[in-house]
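Protein chains in written order, with the UniProt record's numbering: chain D, 1 to 356; chain E, 1 to 309; chain B, 1 to 259.
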Amino acid sequence: MKKQFLALMLAAGAAMGTAQADDVLHIYNWNNYIAPETVKHFEADCKCKVVQDYYGAMEEMLAKLAAGAKGYDIVVPTGFALPPLIKQGLVQPLDKSKIPNLKNMNPAFMNSQFDKGNVYSVPYAFTTTLIGYNDKKIKELGIDPTSWAAIFDPKVLEKIKGKVTVLDDPKELFAAAMMYNGFNPNSTDINQWQKAKETIIKAKPYWAAFNNQSYIKELTVGNIWLAHGYSNDMFQANTDAHTAKRPFNIAYSLQKEGNTLSVDNMMVMKGAPRPDLAFKFINFMLDGKNSSELTNMIGSGNPNAAAAQFVSPDIKKINAVFPTPDNMKKLYQLNSLEGKPLRDLNRLWTEVKTAR
Amino acid sequence: MTRSKNLAKWLISGPPLLYLIFFFAIPTAMMAFAAFRFPGDYGGLMPLFGADPATGKNVLLVNSQNWHDYLTLDNFARFFQEAVYIELFIKSFGYALLTTLLCLLASYPLAWLIARSPKKWRDLLVLLVILPFWSNFLIRVYAWMIILGPQGYFAKLVNTLLGVVGIAPQQFLFTPFAVIIVLVYVHLPFMVLPLYANLEKHDMALLDAAQDLGASRWQRFWKVTWPLSLPGVYAGAALVFIPALGIFAVPDLVGGTDGIMIGNLIKQQFLDSRDWPFGSVLSIMLTLSVLLMAGLMAVLGRGGKRNAL
Amino acid sequence: MHSKQSKWLWAASLLVYGFLYLPLVIVVVYSFNDSRLNAEWVGFTTHWYGVLFADDQMLTAARNSLLIGLVSSIFATFFGTLAGLAMYKYKLRLLPILVLTPIAIPEILMALSLLMFFVALNFSMGYLSIGLAHIAFSIGFVAIVVRSRLQGMDESLVEAARDLGAGPLQAFWRVTFPLILPGIIAGALMAFTLSIDDFVITYFVAGAGASTLPLQIYSMLKIAVTPEVNAISSLLMLLTLALIVIAAKIAPGALRASH
Numbered sequence: 001m002k003k004q005f006l007a008l009m010l011a012a013g014a015a016m017g018t019a020q021a022d023d024v025l026h027i028y029n030w031n032n033y034i035a036p037e038t039v040k041h042f043e044a045d046c047k048c049k050v051v052q053d054y055y056g057a058m059e060e061m062l063a064k065l066a067a068g069a070k071g072y073d074i075v076v077p078t079g080f081a082l083p084p085l086i087k088q089g090l091v092q093p094l095d096k097s098k099i100p101n102l103k104n105m106n107p108a109f110m111n112s113q114f115d116k117g118n119v120y121s122v123p124y125a126f127t128t129t130l131i132g133y134n135d136k137k138i139k140e141l142g143i144d145p146t147s148w149a150a151i152f153d154p155k156v157l158e159k160i161k162g163k164v165t166v167l168d169d170p171k172e173l174f175a176a177a178m179m180y181n182g183f184n185p186n187s188t189d190i191n192q193w194q195k196a197k198e199t200i201i202k203a204k205p206y207w208a209a210f211n212n213q214s215y216i217k218e219l220t221v222g223n224i225w226l227a228h229g230y231s232n233d234m235f236q237a238n239t240d241a242h243t244a245k246r247p248f249n250i251a252y253s254l255q256k257e258g259n260t261l262s263v264d265n266m267m268v269m270k271g272a273p274r275p276d277l278a279f280k281f282i283n284f285m286l287d288g289k290n291s292s293e294l295t296n297m298i299g300s301g302n303p304n305a306a307a308a309q310f311v312s313p314d315i316k317k318i319n320a321v322f323p324t325p326d327n328m329k330k331l332y333q334l335n336s337l338e339g340k341p342l343r344d345l346n347r348l349w350t351e352v353k354t355a356r
Numbered sequence: 001m002t003r004s005k006n007l008a009k010w011l012i013s014g015p016p017l018l019y020l021i022f023f024f025a026i027p028t029a030m031m032a033f034a035a036f037r038f039p040g041d042y043g044g045l046m047p048l049f050g051a052d053p054a055t056g057k058n059v060l061l062v063n064s065q066n067w068h069d070y071l072t073l074d075n076f077a078r079f080f081q082e083a084v085y086i087e088l089f090i091k092s093f094g095y096a097l098l099t100t101l102l103c104l105l106a107s108y109p110l111a112w113l114i115a116r117s118p119k120k121w122r123d124l125l126v127l128l129v130i131l132p133f134w135s136n137f138l139i140r141v142y143a144w145m146i147i148l149g150p151q152g153y154f155a156k157l158v159n160t161l162l163g164v165v166g167i168a169p170q171q172f173l174f175t176p177f178a179v180i181i182v183l184v185y186v187h188l189p190f191m192v193l194p195l196y197a198n199l200e201k202h203d204m205a206l207l208d209a210a211q212d213l214g215a216s217r218w219q220r221f222w223k224v225t226w227p228l229s230l231p232g233v234y235a236g237a238a239l240v241f242i243p244a245l246g247i248f249a250v251p252d253l254v255g256g257t258d259g260i261m262i263g264n265l266i267k268q269q270f271l272d273s274r275d276w277p278f279g280s281v282l283s284i285m286l287t288l289s290v291l292l293m294a295g296l297m298a299v300l301g302r303g304g305k306r307n308a309l
Numbered sequence: 001m002h003s004k005q006s007k008w009l010w011a012a013s014l015l016v017y018g019f020l021y022l023p024l025v026i027v028v029v030y031s032f033n034d035s036r037l038n039a040e041w042v043g044f045t046t047h048w049y050g051v052l053f054a055d056d057q058m059l060t061a062a063r064n065s066l067l068i069g070l071v072s073s074i075f076a077t078f079f080g081t082l083a084g085l086a087m088y089k090y091k092l093r094l095l096p097i098l099v100l101t102p103i104a105i106p107e108i109l110m111a112l113s114l115l116m117f118f119v120a121l122n123f124s125m126g127y128l129s130i131g132l133a134h135i136a137f138s139i140g141f142v143a144i145v146v147r148s149r150l151q152g153m154d155e156s157l158v159e160a161a162r163d164l165g166a167g168p169l170q171a172f173w174r175v176t177f178p179l180i181l182p183g184i185i186a187g188a189l190m191a192f193t194l195s196i197d198d199f200v201i202t203y204f205v206a207g208a209g210a211s212t213l214p215l216q217i218y219s220m221l222k223i224a225v226t227p228e229v230n231a232i233s234s235l236l237m238l239l240t241l242a243l244i245v246i247a248a249k250i251a252p253g254a255l256r257a258s259h
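Set out below in structure tokens:
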């Protein structure tokens, strides 16, 4: 009987003995933010393996890194998350000699307030946060998706109760509620935040869930008719709906009260196990052709000038992906928060989550 | 002789004791201590150690003069000042209690049947109860996500029936209803087993005697079986109530906006809001609740716990 | 027993068994469904098993889970057996508290305290932190199973061995150990399953790329479920079933002792 047990252990051991590649790049990225094809191209190019972990919100990423998640090479944070990462010493300066493709960048996206001189970061792609919807249902019900009222006004929500999801992200959801109330989403005025909180709590009973990631699928399936989310995710949902021959489209549009614009950046972690592969990856992603896949396949906006020639004209026309100068006036990049304002927002968020 | 006995005692109990002190007692003490600290600028905890401006060396920043800059009762005050937190505790207690009652209701007939089955069948019947419990916890939750999903057969069937009666279609997934049903599902074996262990030991002669004295079936149950089974009931209740109270994955996956429980709030403090001190306060409150309940069950069960293990 | 009452009991019990098994049957059935949606039955396919075996991340996660389960259960069995022995032989105060509390409190509490502990030590999160945490929560379960085995043991056998001149160590290895071995094996299996199954504690103490099967399944549930999850679930159920059958063969008393 001991022998049998030993045999069992050995069998289990053999199952685990399969070789593991030594050259592995660990990327911590937003989910649905790189096409599997692009990853395959890079793996072929560097003769290495890419392992990805995903997050659905900046808070989640910051919390995981602050909680000692180590071993990542690359992380792809939104602008406002750069200062906390830099000030906490979690990232390392970029070795620009290893990134010749930096020359491809659109200067308008460089040298942002979050990382002057791009010491630590280089833009990857950008998205807008907006409302995506099932065009057939929303038309039938006569809902106006170009206003944030679609997710905040109980009168509108009554028609789509349980068919709405919003982002599980304090910064994004509060920003939307602030704009709906006519405030600047970057204001840290506690009274305005309180007002936004009330808006959210009033609308909350009508929402199915706080959802950062699976709304792509829920929209495609038809479980959800309207979702607060990122433009590239809506693009994905629409592509999936077409592939699955669903009898509707997933449409998306900017809101008249304004939207947030997230420019996401590649950064190399301090203590990255493979900085060499990390810089290779950054340089690879800044190549015009490779970068254009972020737009053509994922539907995100592109800060890479060399990518423009490869971007499909159909996508260039979508305002939510490539905002016009007019749209730009109502797009806000969210500021970084620290200390008291951060604690205030988190407290309000806890109250939102806990409120009945 | 006593010396070598003492040595043996330490050799045997030493290793597990040290391991658990290191990986259970110390971490728990750190969490309790964190409840009295301030959060850092980017979340987490405000450091107690830092570079001394004069020497640049890493030193303990707290001393007898400035301790109130580093230690506080504010986190506890926040818990008691705002009604939402206590309300959430009450709500979670309600969910856990409902789960326990439903588990009891479903388990009793089953445990009774197993205990009264021929001996050769009992092991198999018990195994059949445990078997689903050996599949991964998340899989058991996922199964219900499939069943309750709006496109699933269950939701469609129920909504068609409701439509006949003239009631508007209902949502099942992402509701408190989903949370309760999944909580019952994942905890059911914890109730069946101690109940069965208890019922198995009952002396059937007592029931026969009661019948001879003219007791009806209900009287026999309420006057004989039920009181005798109470230790099993309390043991099962403790095994269901306590884990159900602190759960976060179930409300997280099927609870929607209104189904959250204490566990979710605690998780949020650590993994989203990064307010560790307040998260620690919530954890302490949860621990106290659990100890209170466990104590209550132990007192009520009078040794019922032995049956559970 | 009255047949009327018996019928009613059977009906209720069958209902409960149905409640226990139907969801799992549905998971397995949908793993063969030719549709991404887990909603209507479209047609039979083994496509999702193909997808599963081509999914490197899932296979890596499965390998990690097995490895962590194996290593942590060996250590947990060692510490747990000692703890069980100590609790049986000696009147101790601290050890029983430390052994039993982790079992009694909700998992999330242990998860958080370990998270803070590892962060405070600036410990690199990963397989090691997961393994250390798994050992910590498994010790108690092993200890209880071993202790209950010891309690059922006939103490006079050990005394007889001592009377015949065996030293304490000899008596342990020749008499006590073989008698409690089924308990130790049961405890080891339990520690292994607990480790493979654990989501909550792993979720908090896992680091980069250190994915285990439950973490991988959770992230698929959160992002986008495909019937690939059903496929891996079905295989996992098959594996546990096999483990139980093996356990029943190796140590027939093991399953009873563990519950």
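From the three backbone atoms N, C-alpha and C, an ideal C-beta is built for every residue, glycine too.
Cα atoms of L7/E and L128/B: separation of roughly 31 Å, rounded to the nearest angstrom. The beta carbons of L337/D and P185/D sit about 12 Å from each other, so the pair does not count as a contact at 8 Å. Note that the region 205-222 of chain D does not touch the region 96-107 of chain D; fewer than 3 beta-carbon pairs, one per stretch, sit closer than 8 Å. Closer than 8 Å to the CB of G163/E there is not a single CB belonging to chain D.
The alpha carbon of S65/B has as its nearest neighbour, out of D198/B, L235/B, N230/B and L243/B, the alpha carbon of D198/B. Against chain E, a Cβ distance below 8 Å from R274/D picks out nothing, because the smallest value is about 26 Å. In terms of Cβ geometry, L199/E and S229/E form a close pair [threshold 8 Å]. Below the 7 Å Cβ cutoff, chain D contributes G68 as neighbours of F123/B, in chain order. Taking C-beta separations shorter than 7 Å and ignoring five residues to either side along the sequence, the partners of I190/D in its chain run D344, following chain order. Counting C-beta pairs closer than 8 Å gives fewer than three between the region 242-250 of chain D and the region 39-59 of chain B, which falls short of the contact rule. For L97/E, no chain D residue has a C-beta closer than 9 Å to its own C-beta; the minimum C-beta separation is roughly 18 Å. In chain order, P39 and D275 make up the part of chain E whose C-beta sits under 8 Å from the C-beta of R343/D. Against chain B, the beta carbon of K161/D has no neighbour under 7 Å; the closest one sits roughly 21 Å away. Counting only runs that start and end inside the region 49-88 of chain E, the beta strand (DSSP E) elements of at least 3 residues fall at 49-51 and 58-60.
Cβ-Cβ distances below 8 Å link F174/D to P185, W193, A196, K197, I200, L345, L348 and W349 in the same chain, with the five nearest sequence neighbours on each side left out; the list follows chain order. In summary, A106/E is buried, with 16 or more beta-carbon neighbours lying within 10 Å of its beta-carbon over all protein chains present. DSSP, reduced to helix, strand and coil, places T60/B within a helical segment of the structure shown.
Of the candidates V281/E, G295/E and V299/E, V281/E places its Cα closest to the Cα of L109/B. At a beta-carbon threshold of 9 Å, none of the residues of chain D lie near F79/E; the nearest stands roughly 11 Å away. At a cut-off of 8 Å between C-beta atoms, F174/E counts as an interface residue with respect to chain D.
In the DSSP assignment, D264/D falls outside any alpha helix (DSSP H) and within the unbroken beta strand (DSSP E) covering N259 to M269.
As computed with DSSP, M105/D is found in a beta bridge with N304/D.
Contact with chain E is found for V200/B, since one of that chain's Cβ atoms lies less than 8 Å from the residue's Cβ. By the C-beta criterion, the region 161-168 of chain B is judged not to be in contact with the region 44-53 of chain E, since fewer than 3 inter-stretch pairs fall below 8 Å.
Not a single C-beta of chain D is nearer than 8 Å to the C-beta of I68/B. Spatial neighbours of V156/D in its own chain (CB-CB distance under 7 Å, excluding positions within 5 residues in sequence) are listed in chain order as I143, A149 and A150. Residue burial is scored here from C-beta neighbours: M285/D has at least 16 other C-beta atoms within 10 angstroms and is therefore classed as buried. In the DSSP assignment, L130/D is bridged to G229/D. By the Cβ test, the region 7-19 of chain B is in contact with the region 105-119 of chain E, since at least three Cβ pairs between them sit closer than 8 Å. Residue state for G263/E is assigned as helix, using DSSP reduced to three classes. For A111/B, the closest of H134/B, L85/B, W173/B and L92/B by C-alpha to C-alpha distance is H134/B.
Where D208/E is concerned, there is no enclosing beta strand (DSSP E), although the alpha helix (DSSP H) around it starts and stops at M204 to D212. N29/D and M87/B have their C-alpha atoms some 48 Å from each other. In the structure shown, Q151/B falls within a helical segment according to DSSP collapsed to helix, strand and coil. Out of L261/D, S292/D, D115/D and P325/D, the CA that lies nearest to the CA of I315/D is found in S292/D. Cβ atoms of D287/D and N101/D come within 8 Å of each other, at about 5 Å.
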